[in-house]
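Residue numbers (my numbering): 83 to 439.
Beta carbons are placed, not taken as given, at the ideal position from N, Cα and C, and that holds for glycine.
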Ligand code: 13P
Ligand code: SF4
């Protein structure tokens with residue numbers, strides 16, 4: 083649990099100073115923290131006043147996570163947090179599909195998206211019309227969508243999975259014919275994992291990819307292993323199958339974080355977005371991250387200025403709207419996760435509120 087209170091720029095700087103943003107050379111200065119603090123204090127005051135909760139994905143910039151976030155974690159867990167909150171308004175600092183998941187689970191609440199670029203290459207690779215066409219081509223298949231899809235796409239599918247429960251959910255589906263969408267890499271990893279687990283399923287998959295995870299290749303893994311013989315290679319299931327195959331651990335962002343926490347090794351190559359590496363640098367300063375990471379332009383388009391703007395004076399386009407018919411079906415698809423899986427990824431870190439001063 084993080085209990086850091088940042089009443090001053092110096093205190094914020096103490097939290098952020100070890101974080102190398104997007105590489106080994108860029109870091110936070112005290113001067114930058116002095117610019118952040120007035121915004122942070124205003125956001126935290128408004129948050130109290132408006133009974134809002136701020137949910138932040140781990141890929142979002144550290145000044146948002148540690149400055150104003152109430153919960154940090156992956157999208158489904160953050161939505162679950164939203165379900166149990168007293169808040170009237172949810173500010174979802176992440177990307178649109180995550181905001182839509184929160185809205186589908188909390189239709190009566192206002193969900194606001196501060197990100198300027200709220201898309202995602204993976205979620206935007208497919209739409210409801212394509213799914214309807216695929217369902218005609220594969221009428222006997224159970225359609226499983228990754229949580230990284232729009233509400234309209236979820237509304238056309240049978241069950242939704244997250245990066246933390248994809249294998250568990252799919253191995254428990256009685257139908258042996260599965261159509262998985264939209265991530266091709268995750269689809270290929272799924273085929274390999276089901277074989278490893280002794281399941282003989284006919285798994286078809288779509289051809290979407292994540293702009294961040296597709297960047298990592300085997301050469302990097304081999305180079306880093308030569309340079310750091312004791313390194314643990316940790317990858318996300320959106321990485322290429324050959325990369326996952328050569329990794330010590332594959333899991334969701336929260337599971338990657340748990341693995342690092344539970345493993346005694348000191349050196350890690352984290353094959354995911356830089357935001358997770360930033361959290362790790364702050365929360366596990368005794369561990370060393372090696373190699374580089376890739377930035378998600380969509381997650382990183384969230385700024386403190388925009389969080390303040392959506393709380394203070396939101397534009398109509400800042401609110402998440404879902405067509406009522408899609409909303410019901412999308413909700414059913416998301417809720418099917420709980421019926422099909424025994425354990426959801428539970429890694430989330432409640433953050434303290436920054437007192438206004
Ligand atoms: P997680 O659900 O593992 O946090 O992943 C989210 C995401 O967008 C991965 O690219
Ligand atoms: Fe989408 Fe990839 Fe960015 Fe996640 S990291 S939001 S999957 S583009």
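Out of 200, 239 and 283, state which residue places its alpha-carbon closest to the alpha-carbon of residue 256.
Here residue 256 is taken as the residue at index 174 of the chain shown, counted from 1. Here the closest residue by C-alpha is 283.
How far does the alpha helix (DSSP H) with residue 215 in it extend, from its first residue to its last?
The sequence position of residue 215 within the chain shown is 133, counting from 1. That run of the alpha helix (DSSP H) goes 210 to 219.
Looking only at its chain, what residues have a beta carbon closer than 7 angstroms to the beta carbon of residue 105, apart from the 5 residues adjacent to it on each side?
Taking the chain shown and counting its residues from 1, the one referred to as residue 105 is at position 23. Confidence at residue 105 is low in this model, with a pLDDT of 49, below 50, so the placement of that residue is unreliable and no value is reported for it.
So, does the stretch 371 to 385 touch the stretch 162 to 169, judging by three or more C-beta pairs under 8 angstroms?
No: fewer than three Cβ pairs fall under 8 angstroms.
Nearest by alpha-carbon distance to residue 218: which of 277, 251, 261 and 402 is it?
Against the chain shown, residue 218 aligns to sequence position 136. Closest option to residue 218, Cα to Cα, is 261.
My output table needs one value for residue 181: the three-state DSSP class, helix, strand or coil.
On the chain shown, position 99 is the one that residue 181 refers to. Three-state DSSP puts residue 181 in a helix.
Can you look up residue 143 in the DSSP assignment and give me helix, strand or coil?
Position 61 of the chain shown holds residue 143. Coil.
Do the stretch 106 to 121 and the stretch 132 to 140 touch if we need at least three Cβ pairs shorter than 8 angstroms?
Contact between the stretch 106 to 121 and the stretch 132 to 140 is absent, because fewer than three Cβ pairs lie under 8 angstroms.
To the nearest angstrom, report how far apart residue 213 and residue 235 are at their CA atoms.
Locating residue 213 in the chain shown gives position 131, where the first residue counts as 1. Locating residue 235 in the chain shown gives position 153, where the first residue counts as 1. One C-alpha to the other measures close to 7 angstroms.
Answer yes or no: do residue 404 and residue 259 have a C-beta to C-beta separation smaller than 8 angstroms?
One-based indexing of the chain shown puts residue 404 at position 322. One-based indexing of the chain shown puts residue 259 at position 177. No.
Where does residue 436 sit, in a helix, a strand or coil, going by DSSP?
Numbered from its first residue, the chain shown carries residue 436 at position 354. Confidence is the limiting factor: at residue 436 the pLDDT is only 26, short of 50, which leaves the residue's position unreliable and the question unanswerable from this model.
Work out the CA separation of residue 241 and residue 354 for me, nearest whole Å.
The residue given as residue 354 occupies position 272 in the chain shown. The residue given as residue 241 occupies position 159 in the chain shown. Cα-Cα distance, rounded: 25 angstroms.
Sorry if obvious, but does the Cβ on residue 205 come closer than 7 angstroms to a heavy atom of the ligand SF4?
Position 123 of the chain shown, counting from 1, holds the residue named residue 205. Residue 205 Cβ: within cutoff of the ligand SF4.
If you draw a straight line from the C-alpha of residue 128 to the C-alpha of residue 302, how long is it?
To locate residue 128, count along the chain shown from 1; it is residue 46. To locate residue 302, count along the chain shown from 1; it is residue 220. Looking at the two C-alpha atoms, the distance is approximately 45 angstroms.
Out of 406, 358, 392 and 411, point me to the one whose CA is closest to residue 175's CA.
Looking up residue 175 in the chain shown gives position 93. It is 392 whose Cα lies nearest to the Cα of residue 175.
Please state if the CB of residue 198 and the CB of residue 399 are separated by a distance shorter than 8 angstroms.
The count along the chain shown starts at 1 and reaches residue 399 at position 317. The count along the chain shown starts at 1 and reaches residue 198 at position 116. No, Cβ-Cβ distance for residue 399 and residue 198 is not below 8 angstroms.
Alpha carbon to alpha carbon, how far is residue 336 from residue 342? Give it in angstroms, no decimals.
One-based indexing of the chain shown puts residue 342 at position 260. One-based indexing of the chain shown puts residue 336 at position 254. Cα to Cα, residue 342 sits roughly 10 angstroms from residue 336.
Helix or strand or just coil, what does DSSP make of residue 109?
As a first step, residue 109 is located in the chain shown; it is residue number 27 there, counting from the start. The answer is strand: DSSP assigns residue 109 an E or B state.
Tell me whether the stretch 286 to 294 and the stretch 303 to 310 touch, counting them as touching only if at least three CB pairs, one residue from each stretch, are closer than 8 angstroms.
Flag = no, the stretch 286 to 294 and the stretch 303 to 310 do not touch.
On a CA-only basis, which of 223, 229 and 101 is nearest residue 161? Give me that one, please.
By 1-based counting over the chain shown, the position of residue 161 is 79. Of 223, 229 and 101, the residue nearest in Cα terms is 229.
Measuring only the C-alpha atoms, how far is residue 233 from residue 244?
As a first step, residue 233 must be located in the chain shown, where it is residue number 151. As a first step, residue 244 must be located in the chain shown, where it is residue number 162. Between residue 233 and residue 244, the C-alpha separation is close to 14 angstroms.
Please state whether DSSP places residue 366 in a helix, a strand or coil.
Stepping through the chain shown from its first residue, residue 366 is reached at position 284. Correct three-state label for residue 366: coil.
Would DSSP call residue 380 helix, strand or coil?
Position 298 of the chain shown, counting from 1, holds the residue named residue 380. Note: residue 380 maps to coil in three-state DSSP.
Within 10 angstroms of its Cβ, does residue 144 collect 16 or more other Cβ (buried), or is it exposed?
Against the chain shown, residue 144 aligns to sequence position 62. Buried.
At a cut-off of 7 angstroms, is residue 268 close to the ligand SF4 when judged by its beta-carbon and the heavy atoms of the ligand?
Counting from one through the chain shown, the residue named residue 268 turns up at place 186. Not so, every heavy atom of the ligand SF4 lies at least 7 angstroms from the Cβ.
Roughly how many angstroms separate the alpha carbons of residue 183 and residue 172, rounded to a whole number?
On the chain shown, residue 183 is found 101 positions in, with the first residue counted as 1. On the chain shown, residue 172 is found 90 positions in, with the first residue counted as 1. Cα-Cα distance, rounded: 12 angstroms.
Since residue 352 sits in a beta bridge, which residues does DSSP pair it with?
In the chain shown, counting from the first residue as 1, residue 352 sits at position 270. Answer is 316, bridged to residue 352.
Would residue 389 and residue 120 qualify as a contact pair, given that the criterion is a beta-carbon distance under 8 angstroms?
As a working note, residue 389 is residue 307 in the chain shown. As a working note, residue 120 is residue 38 in the chain shown. Contact flag unset, no.
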